[in-house]
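Encoded as structure tokens, the structure appears first; notes follow it.
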Amino acid sequence: MLNKLNLRIANVYIVKGEKKTVVIDTGQPGQAQKIITRLAQLGVAPKDVSLILLTHAHIDHAGSAVDLQKLTGAPLAVHAADSEMLQRGTNGAMKPIGFEARLLYNFINVPFPKSKADLFIDENTDLSAYGIRGKILHTPGHTAGSVSLLLEEGSAIAGDLLRGGALGGAVLWHIPRYPYYLYDVADKRIIRASVRKLLEAGAQKFYVGHGGPMSRTSVEAWLMRVEAQA
Ligand SMILES: [Zn+2]
Ligand SMILES: [Zn+2]
């Protein structure tokens, strides 16, 4: 069962398995207690959280990771390529795409509480040990270590691989767009390849950090359009 929390300033997702629960992303600093409250509403005690999984290590996704780690005792997981950002509490390189992204840059490019991953995740990580049915796909482009969680039922939790709409998803939230930022050595081709990878793996619905969710059809249409323009 997938639950979405609209936290500041990014969405957090809770995947409740039969016995265990996985939290995906943690919001900006100061959001951990809100996640605990929502877990309680879902009947999940902090000790029943089996894993805190970060789609990537930016401030608005990893900002409350260390607090949530303390409150739940759950292991914190990130892809190795983003682990240094987590350890340093910095966003790493961010190349803005467009005006809105340049405007936001100074607001989000600030230090955040450091945390240390307990495990590195990649495509070989077996999630059944954490009580959920799905797999990890490495989907770089926004950061080098961005991952998506593809649940067996077809939901893809894709972090900031794409964003829905504008103004943090406040408008046109169902319309796919490129993320605001790419890591410095990346280009848009890497984003498109990662989106295609998720589609080929069978993703039916895209749950993202800002805005969304977006249907497979709308993501396919977006990909066709941007590839034609490229
Ligand atoms: Zn991000
Ligand atoms: Zn984000």
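Sequential numbering from 1380 applies to the sequence shown in my numbering.
C-beta: ideal position from N, C-alpha, C; glycine also.
So, under 8 angstroms CB-CB, residue i and residue j are touching, yes? Tell me the CB distance rounded to an integer number of Å.
i	j	result
Leu1541	Val1587	6 angstroms
Gly1406	Asp1439	7 angstroms
Pro1519	Ile1554	That belief does not hold up - the Cβ atoms of Pro1519 and Ile1554 are roughly 23 angstroms apart, past 8 angstroms.
Asp1404	Gly1538	7 angstroms
Ser1494	Ala1444	4 angstroms
Taking the straight line between their C-alpha atoms, what separation do you get for residue i and residue j?
i	j	result
Met1473	Tyr1562	5 angstroms
Arg1481	Ile1487	11 angstroms
Glu1502	Leu1516	5 angstroms
His1437	Ser1573	18 angstroms
Tyr1392	Ser1527	12 angstroms
Leu1506	Asn1485	36 angstroms
Arg1575	Lys1584	13 angstroms
Gly1356	Met1603	The question about residue 1356 has no answer, for the chain in this structure spans 1380 to 1609.
His1435	Thr1596	25 angstroms
Ile1536	Leu1465	20 angstroms
Ala1607	Pro1425	47 angstroms
Ile1431	Ala1609	36 angstroms
Thr1469	Ala1545	24 angstroms
Gly1510	Arg1556	32 angstroms
Glu1397	Leu1381	12 angstroms
Ser1429	Ala1523	25 angstroms
Ser1594	Thr1504	26 angstroms
Take the Cβ of residue i as the centre, count every other Cβ of all protein chains shown within 10 Å, and call the residue buried at 16 or more, exposed below.
i	result
Thr1416	exposed
Thr1451	buried
Gly1422	exposed
Asp1461	buried
Ala1508	exposed
Arg1467	exposed
Ala1419	exposed
Val1489	exposed
Ala1496	buried
Ala1459	exposed
Return the chain-ordered list of same chain residues with a C-beta closer than 8 angstroms to the C-beta of residue i, the five sequence neighbours on each side being excluded.
i	result
Gly1581	Leu1529 and Gly1533
Leu1386	Gly1406, Gln1407, Gln1410, Lys1413 and Ile1414
Glu1599	Leu1578
Ile1500	Leu1432, Ala1456, Val1457, His1458, Ile1515 and Val1526
Excluding the 5 residues preceding and the 5 following residue i in the sequence, name in chain order all residues of the same chain whose CB lies nearer than 7 angstroms to its CB.
i	result
Leu1498	Pro1454 and Ala1456
Asp1427	Lys1399 and Thr1400
Arg1512	Leu1530 and Glu1531
Leu1483	Tyr1559
Arg1571	Leu1602, Val1605 and Glu1606
Residues in its own chain within less than 6 angstroms of residue i by CB, not counting five upstream and five downstream?
i	result
Leu1384	Val1391 and Arg1417
Pro1558	His1521, Asp1539 and Arg1542
Ala1441	Leu1433 and Leu1465
Is residue i near ligand 4, with its Cβ less than 7 angstroms from a heavy atom?
i	result
His1458	Only ligand 1 and ligand 2 can be found as ligands here, which leaves ligand 4 out of the picture.
Exercise. Taking contact to mean at least 3 C-beta pairs separated by less than 8 angstroms, is the stretch 1548 to 1559 in contact with the stretch 1590 to 1601?
Worked result: yes
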